[in-house]
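So the sequences go chain by chain: A and B. To convert a position in the first sequence, counted from 1, into this note's numbering, add 57. To convert a position in the second sequence, counted from 1, into this note's numbering, add 7. In what follows, a structure is listed as C-alpha cells, so that the remarks can point back to it.
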Amino acid sequence: AQTVTQSQPEMSVQEAETVTLSCTYDTSESDYYLFWYKQPPSRQMILVIRQEAYKQQNATENRFSVNFQKAAKSFSLKISDSQLGDAAMYFCAYRETSGSRLTFGEGTQLTVNP
Amino acid sequence: NAGVTQTPKFQVLKTGQSMTLQCAQDMNHNSMYWYRQDPGMGLRLIYYSASEGTTDKGEVPNGYNVSRLNKREFSLRLESAAPSQTSVYFCASSEAIGYRNQPQHFGDGTRLSIL
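Here's what the structure looks like:
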C-alpha cells in the first residue's frame, strides 16, 4: 500500500522569507500524481499545486514550487516570500493514475511570523 | 458556484444514535468521496463512489454506510454512532477516477462529536 510521510509536524517562517515543507512517499508504481493541499483555520481544503510523476519539470504556481525527486520518492513544497495568509496546515497527497484514492500525509502546521 | 456543499457543519450525537451526513456537488463530477480527519493522521478515505450507482470501501469503512443518491449527491450514514467516530468529515468530488491529474474538490467539512 502507498504511504505518504510528512516528517515535520510543525514549521515556522518569518514573513517574506522562504520555507520548504518535506514529503516522502512509498509506491511501486511508475506513474502517479502528487498534490499539496492547504487547510487554513477555516477548515477548507485548498489545492496548492500538483505534479505528474512522468513530468521531470517541477511544477510552479506563483510563490509555490515543488522539488520532485522521483528516484528518492520525495516531493517537497517551497513557499517563497511567505505571507501571513500562508499560515495553515499543509498536506501532501498521492494518487495512482488509474486509482481513486488520495493518500494523505499527516500534515505540517506552518506558522508565519510577522 | 457552490462547489461541494456539506450539511450540517456541526453536530453532537449521543452514543448509539444514527445520523446521515449530506453532500452535494454542482460541478457535474462523476466521482465522490467521504473522508474523516483526525488529529495527527491526515485524511483517511471512508467510502467512495466512482460513478452514479457504484460505491466502494476505502481505508476505514467500518461503522459507516453510503448512498449515491444521484450524480450530485452522496450521503454518509452512521447507524449507531460511537465515540471513536468523533471526527471532522469531508466530502470531495472529482471529474472521474484516473482522469488525468484532476484534483479532488472538497467541501467545508462537518465537525461531528459523539458523547
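Think of the CB as a built atom: it goes at the ideal place given N, C-alpha and C, for glycine as much as any other residue.
- Put simply, the backbone Cα of B/S82 is about 39 Å away from that of A/A129.
- Cβ contact annotation for A/A144 (same chain, cutoff 7 Å, sequence separation greater than five): L167, T168 and V169, in chain order.
- Those residues of the region 144–169 of chain A placed with their C-beta closer than 7 Å to a C-beta in chain B are F148, T154, S155, G156, S157, R158, L159, F161, G162, E163 and G164, ordered along the chain.
- By the Cβ rule, the region 93–101 of chain B counts as touching the region 29–49 of chain B, because three or more pairs are nearer than 8 Å.
- Counting only the Cα atoms, B/G49 lies some 15 Å from A/L91.
- A Cβ-Cβ separation of about 6 Å places B/A89 in contact with B/G70 under the 8 Å criterion.
- Here the alpha carbons of B/Q24 and B/E86 stand approximately 7 Å from one another.
- Of B/S100, B/R84, B/P68 and B/V19, the smallest CA-CA separation from A/M102 is found for B/S100.
- With its beta carbon less than 8 Å from one in chain A, B/G65 belongs to the interface.
- Your pair B/Q13 and B/G114 checks out as a contact, with CB atoms roughly 4 Å apart and the cut at 8 Å.
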